[in-house]
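Residue numbers (UniProt numbering): 17 to 444.
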Amino acid sequence: AALLFNPQKSPLISSLGFAILAFISTYTLIPLLGDAFIKAGFKGKDLNKLGTPVIPETMGAVTAFVYLACMLLFIPFAFYHHFAALTSGGGNREVEIEIHPADEGFFHPFPHNKLGEYLSAILSLQSMIMLGVADDLFDIRWRHKLFMPLLAAIPILAVYYVDFGVTHVVVPMQLRQWLGDLVDLGWLYYAYMAALTIFCTNSINILAGVNGIEAGQSLIIALFVVGNDIPYLVKPLHPAHDSHLLSLYFMAPFVGVTLGLLKWNWFPARVFVGDTYCYFAGMTFAVVGILGHFSKTLLLFFIPQILNFLYSSPQLFGIVENPRHRLPRLNPKTGKLEQSRVKFTKTPKGMTVLLLELLQKLGMVTIVHGEKGEIVEATNLTIINLILVRLGPMREDILALTIMGVQVLCCSLGLLIRYNFAYLIYEW
Ligand code: UD1
Ligand code: MG
17 AALLFNPQKS PLISSLGFAI LAFISTYTLI PLLGDAFIKA GFKGKDLNKL GTPVIPETMG
77 AVTAFVYLAC MLLFIPFAFY HHFAALTSGG GNREVEIEIH PADEGFFHPF PHNKLGEYLS
137 AILSLQSMIM LGVADDLFDI RWRHKLFMPL LAAIPILAVY YVDFGVTHVV VPMQLRQWLG
197 DLVDLGWLYY AYMAALTIFC TNSINILAGV NGIEAGQSLI IALFVVGNDI PYLVKPLHPA
257 HDSHLLSLYF MAPFVGVTLG LLKWNWFPAR VFVGDTYCYF AGMTFAVVGI LGHFSKTLLL
317 FFIPQILNFL YSSPQLFGIV ENPRHRLPRL NPKTGKLEQS RVKFTKTPKG MTVLLLELLQ
377 KLGMVTIVHG EKGEIVEATN LTIINLILVR LGPMREDILA LTIMGVQVLC CSLGLLIRYN
437 FAYLIYEW
């Protein structure tokens, strides 16, 4: 309660207000705009329904625009105290405002660095959203779209350079006798952050193809980020207080818009989220992870996405053929989803055969052989298919719930690692 009624914390209340507004706007706008989107060509076939009905796609654009509107409208609220400090009392700028010890230095002079962080985050998100819409419009090639987040990341990386410029990392205790306490990664650290933006955006986009899972996994990750922020917010003197406050400002409306979208994207989907949403969601996470200095913790919330990426890598990097769609497929007789297979257009040879046989021994792929013993089909390498191989065919919504369950378990495990085992390698 002290947190909520502390006048210094009022932006937090406005932020929650914007989260609710974000939810209501997304929830009402999406069904209203559906037809217009179909007319404009933003549509897709729901491949796992009988008769493959066509529904609006790229609803992530509506979601992202509502989000941006909320974040822009929030600027005066976030910086209200500082504006007030600047205008009250004429020349004497910091009169009449009771400054909390934690906010000393934050109040005077005007915190241009905070505004810079906030605006750069918005600029990065805006760029990513634009590129996402372009992808939904033109279906940009995989190897090209992989690099789009790099461009969008430049604003936050520039602000990171100016504001923090911290490129050294704390060395795990076991390695200190060789490396020392800190290692300066220099430009490699920027490469790491750029790679993080590519990973966050694309990994959500490839854990997809079942109604509700792009938005569902993002919602769960966002709730865990918020859960991780809250303990820092009640400790105003904690050095990470401000970073987690910034994170909450970006996460609260994100949870709002995502809930509104999920309502319409959940089975049986009335709309698709589009690549726009996946990029927007991934970039929002990367932005808060980078500006909030908790990218390692963030990665602990991405365990299912990391596993899916590693497992997919033979197909992503062309060792095993990658079809246009790897989503599970409907068995019309049972109404359940089954694992999907890639039908090889070229008979696999050499390394591909070795890899597929190894994965088969590990129970991670099933192979179909042709008459001459050659490989003609193999199951697609996604954890969605793996779940179906292991647990058997499932109805689409049960599969979506199972994937959400895996996400919650992995995020909980991530928190456990962060707060219980990190001491094994760091003295946090
Ligand atoms: C990624 C995956 C692809 C998967 C696709 C499904 C990789 C490398 N790419 O491609 O294998 O098939 O996502 O989203 O892993 N769709 C459904 N039901 C859904 C969601 C999507 O039928 O619940 C279909 C619709 O036809 C929709 C299309 O997938 O129009 C969207 O695919 P898109 O997002 O463009 O695929 P990618 O992101 O390129
Ligand atoms: Mg996609």
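Quick reminder that beta carbons are idealized off the backbone N, C-alpha and C, glycines included.
For leucine 49, same chain residues with a beta-carbon under 7 Å away, outside a window of 5 residues either side, are Val78 in chain order.
Taking 8 Å as the cut-off, the C-beta of alanine 297 does not count as close to any heavy atom of the ligand MG. Beta-carbon to beta-carbon, alanine 231 and tyrosine 293 are separated by about 7 Å, close enough to satisfy the 8 Å threshold.
Residue state for histidine 257 is assigned as helix, using DSSP reduced to three classes.
Each of Leu264, Asn401, Ala302 and Leu201 was checked against the Cα of leucine 343, and the nearest Cα belongs to Asn401.
Distances from the alpha-carbon of threonine 395 to those of Trp203, Val358, Ala224 and Gly421 put Val358 closest.
In the assembly as shown, glutamate 412 is a buried residue. Its beta-carbon has 16 or more other beta-carbons within 10 Å. Check the Cα spacing between valine 289 and each of Ala207, Gly243, Pro72 and Ala35: the tightest is with Pro72. Comparing C-alpha distances from alanine 56 to each of Phe154, Pro69 and Ser143 shows the shortest one belongs to Phe154.
With a threshold of 16 other beta carbon atoms within 10 Å, asparagine 436 falls short and is exposed. Taking 8 Å as the cut-off, one finds at least one heavy atom of the ligand UD1 near enough to the beta carbon of alanine 224. About 5 Å separates the Cβ atoms of phenylalanine 266 and valine 304, confirming a contact at the 8 Å cut-off. For the pair proline 69 and valine 287, the Cα-to-Cα distance works out to about 11 Å.
Taking 8 Å as the cut-off, the C-beta of tryptophan 158 counts as close to a heavy atom of the ligand UD1. In this structure, the beta-carbon distance from leucine 307 to serine 263 falls below 9 Å.
When the beta-carbon positions are compared, glycine 148 and alanine 80 come within less than 9 Å of each other. If you draw a straight line from the Cα of cysteine 426 to the Cα of leucine 162, it is about 25 Å long. Per DSSP, the unbroken alpha helix (DSSP H) holding alanine 211 starts and ends at 203-222. Linking lysine 61 to glycine 67 through their CA atoms gives a straight-line distance of about 9 Å. In the DSSP assignment, asparagine 347 forms a beta bridge with Lys352. Distances taken from the Cβ of isoleucine 229 to the heavy atoms of the ligand UD1 include one shorter than 8 Å. Taking methionine 367 as the centre and dropping the five residues before and after it, the same chain places the C-beta of Ile335 closer than 8 Å to its C-beta, in chain order. Approximately 5 Å separates the beta-carbon atoms of cysteine 216 and phenylalanine 301; this is inside 8 Å, confirming the contact. Where proline 188 is concerned, there is no enclosing alpha helix (DSSP H), because DSSP gives it neither an H nor an E.
Under the DSSP assignment, isoleucine 91 falls in the alpha helix (DSSP H) whose first and last residues are 75-94.
Residue environment for alanine 168: buried (at least 16 other C-beta atoms within 10 angstroms of its C-beta). Cβ-Cβ separation between valine 185 and aspartate 197: approximately 10 Å, too far for a contact (criterion under 8 Å). Beyond the five residues adjoining it in sequence on each side, proline 127 comes within less than 7 Å, by CB distance, of His98 in the same chain, given in chain order. Apart from sequence neighbours up to five positions away, the residues of its chain that approach proline 171 with a beta-carbon distance below 7 Å are Ser136, Leu139 and Ser140, ordered along the chain.
In terms of Cβ geometry, tryptophan 280 and proline 47 form a close pair [threshold 9 Å]. Distance from the C-beta of asparagine 64 to the nearest heavy atom of the ligand UD1 is below 8 Å. Around glutamate 337, the same chain offers Val358 and Phe360 as residues with beta carbons nearer than 6 Å, after the five sequence neighbours per side are excluded. For the region 241-317, the full-length alpha helix (DSSP H) segments reaching 4 residues or more read 257-281, 290-307 and 311-316 along the chain.
Judged by pairs of C-beta atoms under 8 Å, the region 243-255 does not touch the region 222-231, as fewer than three such pairs exist.
Secondary structure at isoleucine 335: coil, using DSSP grouped into helix, strand and coil.
For histidine 98, the secondary structure class from DSSP, reduced to helix, strand or coil, is helix.
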